[in-house]
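Here the sequence shown stands for residues 1 to 327, numbered as in UniProt numbering.
Glycine included, C-beta positions come from ideal geometry on N, C-alpha and C.
All values reported here derive from a predicted model rather than from experimental measurement.
I have placed the structure first, in the form of structure tokens, so that the comments after it can refer back to it.
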Amino acid sequence: MRAIRFTRFGGPEVLTVSEISEPVPQTGQLSVRVTAAGVNYADILRAAGTYSGGVELPFIPGSEVIGSATDGRRVMGFTFDGGGFAEHTLLDAAEVVEVPDEVADGAALALLVQGLTAWHLLRSSARIAAGESVAVNAAAGGVGTLAVQLAREFGASRVIATASSADKRALALELGADAAVDSDPDGYPERVREANDGRPVDIVLDANGGPAIAAGLDALAQFGRLVSYGDASREGRPPIDPGSLAERNLSVSAFWLRPALTLPGAYHEPLRELLALTAQGRLRPVVGSEYPLSEARRAFEDVAARRTKGKVVLRVGDRIGQVPSGG
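Here it is in structure tokens:
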């Protein structure tokens, strides 16, 4: 079978199309013929050798897939230990979730890492209450596009999207944000408060890190919460002084999906809720770009350069534009 893998660490150039043996399921595993796989920033970090926990070489990236199980069911699930960028992969039989016919492949994939992250950011970390205001940074990204919609679904009184370009802000408004402003940390608190009818916001969700953390804290109301779930700026997370937080009773937390999914009720239940909302047309996962499996390099380049919006998907089975094989 064909698979994308890397045998050394580096940029997108390390990805190669390889012919390898189809994996054999062990007890408790389900063999799945992959129809599509999701691309996440974590895949780029794995290829670069900078992902938390590391990987063993050779490695097949891809942590989320959808496809046909050997029993005929249309299922999706996580391959956290890699193996998603391939024509066949193995999933934990107890962890697969069946996908309704009304939900397309790309939309379903958007609900795994990005959808569950957005759900937990609002429900588990920020503990959103009806009537609260929410600022969503990187609002045109995979998590951001869903967080904007879910904040409204969960009862937010006002949703302010922040993004770096006019077209990204326009997308956030199309998805239901009440206002959209520039995400530049310089002047961020003033823009967010103005967009919130002159008031600070209750919740800030941030994937940018660096100066965006301090800017987000400045935009928060009393007992406001900032949840950090990424460091796209690559500038690190600044030190936080508890004394300064106490002045407005602020809270700062960080979120990572993988350990959260080990908790009871943290995976199947929210994912089924997300699928149901999507099937009903109340949630619109944005599929920004689709690439054939053989163009995984280009997908990585576009994600790393922040040229994509919404969910990025590799279509499996398309042999157009193969990169050199080997590895």
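Here G53 has no same chain residue with a Cβ atom under 7 Å from its own Cβ, once five neighbours each way along the sequence are excluded.
Assignment of beta-bridge partners to A161 by DSSP yields V136, A180.
Taking the C-beta atoms as reference points, W119 is found no nearer than 8 Å to L263.
In this structure, the alpha-carbon of S31 lies about 6 Å from that of T70.
The Cβ atoms of R315 and A107 lie no closer than 8 Å to each other. Note on S21: under 16 other CB atoms within 10 angstroms of its CB, so exposed under the neighbour-count rule. Bounds of the beta strand (DSSP E) holding A3 are 2 to 5. If the five residues before and after L112 are omitted, its C-beta is found closer than 6 Å to the C-beta atoms of E64, all from its own chain and listed in chain order. Ranked by Cα distance from S289, the options S228, F300, R73 are led by F300.
For the pair V201 and A177, the CB atoms are not nearer than the 8 Å cut-off.
Residues R73, V75 of the same chain have their beta carbon placed closer than 6 Å to that of E98, with the five preceding and five following residues left out of the count. At a Cβ-Cβ threshold of 8 Å, I160 and A195 count as neighbours. Taking C-alpha positions only, K309 is separated from L57 by approximately 30 Å.
Cβ atoms of G28 and A94 come within 8 Å of each other, at about 7 Å. Check the Cα spacing between S68 and each of R248, L90, L171: the tightest is with L90. Boundaries around G243 are those of the alpha helix (DSSP H), 242 to 246, since no beta strand (DSSP E) includes it. V55 sits in coil when the DSSP states are folded into three classes, being neither helix nor strand. In this structure, the alpha-carbon of F59 lies about 34 Å from that of I213. Residue nearest to E269 within the set P25, R5, L116 is L116 (criterion: CA-CA distance). Counting only the Cα atoms, V24 lies some 36 Å from R306. Taking the Cα of L261 as reference, the smallest distance to any Cα among S124, G62, N40, L109 is reached at S124.
One alpha carbon belongs to R33, the other to P285, and they sit about 23 Å apart. Counting along the chain, the unbroken alpha helix (DSSP H) around D105 starts and ends at 105 to 110. Note on R199: under 16 other CB atoms within 10 angstroms of its CB, so exposed under the neighbour-count rule. With 16 or more neighbouring CB atoms inside 10 Å of its own CB, T278 falls in the buried class. Within the same chain, and ignoring the five residues on either side of I240 in sequence, the residues whose Cβ sits closer than 6 Å to its Cβ are V252.
Residues S164 of the same chain have their beta carbon placed closer than 8 Å to that of D184, with the five preceding and five following residues left out of the count.
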